[in-house]
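Down below is the structure, laid out as structure tokens.
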Amino acid sequence: DTGVSQDPRHKITKRGQNVTFRCDPISEHNRLYWYRQTLGQGPEFLTYFQNEAQLEKSRLLSDRFSAERPKGSFSTLEIQRTEQGDSAMYLCASSWLNRPAGELFFGEGSRLTVL
Amino acid sequence: AQSVTQLDSQVPVFEEAPVELRCNYSSSVSVYLFWYVQYPNQGLQLLLKYLSGSTLVESINGFEAEFNKSQTSFHLRKPSVHISDTAEYFCAVKGSQGNLIFGKGTKLSVKP
Chain A
22 DTGVSQDPRH KITKRGQNVT FRCDPISEHN RLYWYRQTLG QGPEFLTYFQ
72 NEAQLEKSRL LSDRFSAERP KGSFSTLEIQ RTEQGDSAMY LCASSWLNRP
122 AGELFFGEGS RLTVL
Chain B
267 AQSVTQLDSQ VPVFEEAPVE LRCNYSSSVS VYLFWYVQYP NQGLQLLLKY
317 LSGSTLVESI NGFEAEFNKS QTSFHLRKPS VHISDTAEYF CAVKGSQGNL
367 IFGKGTKLSV KP
């Protein structure tokens, strides 16, 4: 099965360190989304790509966050100078552009703990 | 702007009892609505969706939801729950950029 995969599944880091998460979407999907989920909250939209173009960024995405999708396939989300408030589950999802009303397919998430 | 309100953060229920998880939405564009389920330590899985047509949509595991335009609701129901239905359920509406806008979730706890 070639569902959405995320790596690593868990990351523990010290405050101030940089971390990077990777997402491999379903291969035919040209849209890729990043979400953040904290305890007691639903997933919150961070940013999305259509092929390699980053088309929208949420106000939640501070300057310390950067996302890329260089070849329109996998994507990375980097957090620089991590803070304790960055502790969350980072979810990746993908979808088809040609199905604008269709659902998003989610990976299992990357859980970040900042000590 | 689109938004979703899930009125109950936690719903405890006994096995084989009926359950309703409430969801209200706000949207100024075409309405596409979804329910996702998240089991512990897992990602989000689509449970069911409303895109158009019949206002009553069903999932393969006995859940159903009804789109009610006048009440701007999309409540999720199941006539008889199982222990295995214990999970967190998220209602979502499609945003103008194709993203999903989620509610805060409802934790369903099914007790024997």
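Residue numbers (my numbering), protein chains in the order written: chain A, 22 to 136; chain B, 267 to 378.
Idealized CB from N, CA, C, for every residue including glycine.
> At a CB-CB cut-off below 7 Å, which residues of chain A make contact with B:Asn365?
Replying inline: Neighbours of B:Asn365 on chain A, chain order: Tyr54, Phe66, Tyr69.
>> For B:Phe333, report the span of its beta strand (DSSP E) as first-last.
In response: 330 to 334
> Among all the DSSP beta bridges, which residues are the ones paired with B:Ile367?
Replying inline: B:Val359
>> Taking 8 Å as the threshold (beta carbon to beta carbon), is A:Ser131 in contact with chain B?
In response: no
> Residues of chain A with CB under 9 Å from B:Ser340, in chain order?
Replying inline: For the sequence presented, residue 340 of chain B should be read as Phe rather than Ser. Residues of chain A passing the Cβ test: none, with the nearest at roughly 14 Å.
> For the beta strand (DSSP E) that contains B:Asn290, what are its first and last residues?
Replying inline: 289 to 292
> Taking Cβ to Cβ, would you say A:Cys113 is nearer than 8 Å to A:Leu53?
Replying inline: The beta carbons of A:Cys113 and A:Leu53 sit closer together than 8 Å.
>> Using the three-state DSSP reduction, which class does A:Asp84 fall into: helix, strand or coil?
In response: coil
> What separation, rounded to the nearest whole angstrom, lies between the Cα atoms of B:Tyr291 and B:Leu299?
Replying inline: 9 Å
> For B:Gln308, which residues in chain A fall below 8 Å Cβ to Cβ?
Replying inline: Glu129
> Name the chain A residues that come within less than 8 Å of B:Gly369, Cβ to Cβ?
Replying inline: What B:Gly369 touches in chain A: Gly63.
> How should A:Asp28 be labelled, buried or exposed, when 16 other C-beta atoms within 10 angstroms of its C-beta is the threshold for buried?
Replying inline: The residue is exposed, with fewer than 16 neighbouring Cβ atoms inside 10 Å.
> Near B:Glu281, what residues of its chain come up, given a Cβ to Cβ distance below 8 Å and the 5 sequence neighbours on each side ignored?
Replying inline: Once the five neighbours on either side are set aside, the close Cβ partners of B:Glu281 are Val347, His348, Ile349, Val376, Lys377, Pro378.
> In whole angstroms, what separates the C-alpha of A:Gln92 from that of A:Phe127?
Replying inline: Note on residue identity: the sequence assigns Lys, not Gln, to residue 92 of chain A. When the Cα atoms are used, A:Lys92 and A:Phe127 turn out to be separated by approximately 20 Å.
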